[in-house]
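Residue numbers (full-length UniProt numbering): 1 to 147.
Glycine is no exception: its CB is placed at the ideal position from the N, C-alpha and C atoms.
Keep in mind that this is a model prediction, so the values were computed, not measured.
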């Protein structure tokens, strides 16, 4: 397995590991990445597997290094509670990218390593500029209705 050693559990020489215990994690170096993202429950209505996604790694300026393109692979069936902020809930969504590194204009490759923070934009549909301009007019029209 070709990969990066991550989350080493035993670091002492001669350390003992209980049967079935985890020694370390190896994150494989593949052609693709699996990005875990959290989606607010109010935004989950249109998120489903197969949707196109754009991943912007915050460590690299996307205007220089570009973005990673991928698609939504799985959506958790229910909300999960944040471990730190116990009053916040989210859906766990996994996005699989097409590549595992970013390439700048000169062709130099920059790897994405475990733990890097990213912003994920999921395309749920499209609207024209006219749709945005007409929306307030439709709201006014609906507000004048009587039951």
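Out of the options, which has the shortest C-alpha to C-alpha gap to residue i?
{"i": "residue 21", "options": "31, 27, 7, 28", "result": "7"}
{"i": "residue 23", "options": "29, 106, 15", "result": "15"}
{"i": "residue 50", "options": "4, 58, 123, 32", "result": "123"}
{"i": "residue 66", "options": "104, 32, 87", "result": "104"}
{"i": "residue 31", "options": "115, 136, 102", "result": "102"}
{"i": "residue 100", "options": "109, 92, 136", "result": "109"}
Using C-beta distances below 8 Å, list every residue in its chain close to residue i, excluding the 5 sequence neighbours before and after it, in chain order.
{"i": "residue 125", "result": "46"}
Hey, residue i and residue j are a contact pair by Cβ (cut 8 Å); roughly how many whole angstroms apart?
{"i": "residue 29", "j": "residue 2", "result": "5 Å"}
{"i": "residue 26", "j": "residue 113", "result": "No, residue 26 and residue 113 are not in contact; Cβ-Cβ is about 13 Å, not under 8 Å."}
{"i": "residue 41", "j": "residue 74", "result": "Not confirmed; about 17 Å, so no contact."}
Whole angstroms are fine: how far does the CA of residue j sit from the CA of residue i?
{"i": "residue 95", "j": "residue 9", "result": "27 Å"}
{"i": "residue 69", "j": "residue 57", "result": "11 Å"}
{"i": "residue 62", "j": "residue 89", "result": "29 Å"}
{"i": "residue 12", "j": "residue 48", "result": "45 Å"}
{"i": "residue 44", "j": "residue 139", "result": "23 Å"}
{"i": "residue 76", "j": "residue 39", "result": "10 Å"}
{"i": "residue 17", "j": "residue 84", "result": "29 Å"}
{"i": "residue 97", "j": "residue 142", "result": "42 Å"}
{"i": "residue 115", "j": "residue 133", "result": "41 Å"}
{"i": "residue 91", "j": "residue 137", "result": "34 Å"}
{"i": "residue 135", "j": "residue 111", "result": "43 Å"}
{"i": "residue 87", "j": "residue 106", "result": "46 Å"}
{"i": "residue 71", "j": "residue 130", "result": "28 Å"}
Near residue i, which residues of its chain fall below 7 Å by C-beta distance, leaving aside the five closest residues on each side in sequence?
{"i": "residue 128", "result": "none"}
{"i": "residue 118", "result": "35, 55, 56, 57, 58"}
Excluding the 5 residues preceding and the 5 following residue i in the sequence, name in chain order all residues of the same chain whose CB lies nearer than 6 Å to its CB.
{"i": "residue 120", "result": "37, 53, 55, 95"}
Does the ligand GTP have even one heavy atom less than 7 Å from the beta-carbon of residue i?
{"i": "residue 89", "result": "In terms of ligand content, the structure shown is empty, and the ligand GTP therefore cannot be addressed."}
Can you confirm whether residue i, when its beta carbon is compared against all beta carbons of chain D, has any partner nearer than 8 Å?
{"i": "residue 52", "result": "Chain labels in this structure do not include chain D; a single protein chain is all it has."}
Runs of beta strand (DSSP E) lying entirely within the UniProt domain "AprE-like beta-barrel" (33-125), each at least 3 residues, in chain order:
34-39, 52-57, 68-75, 89-97, 101-103, 109-111, 118-122
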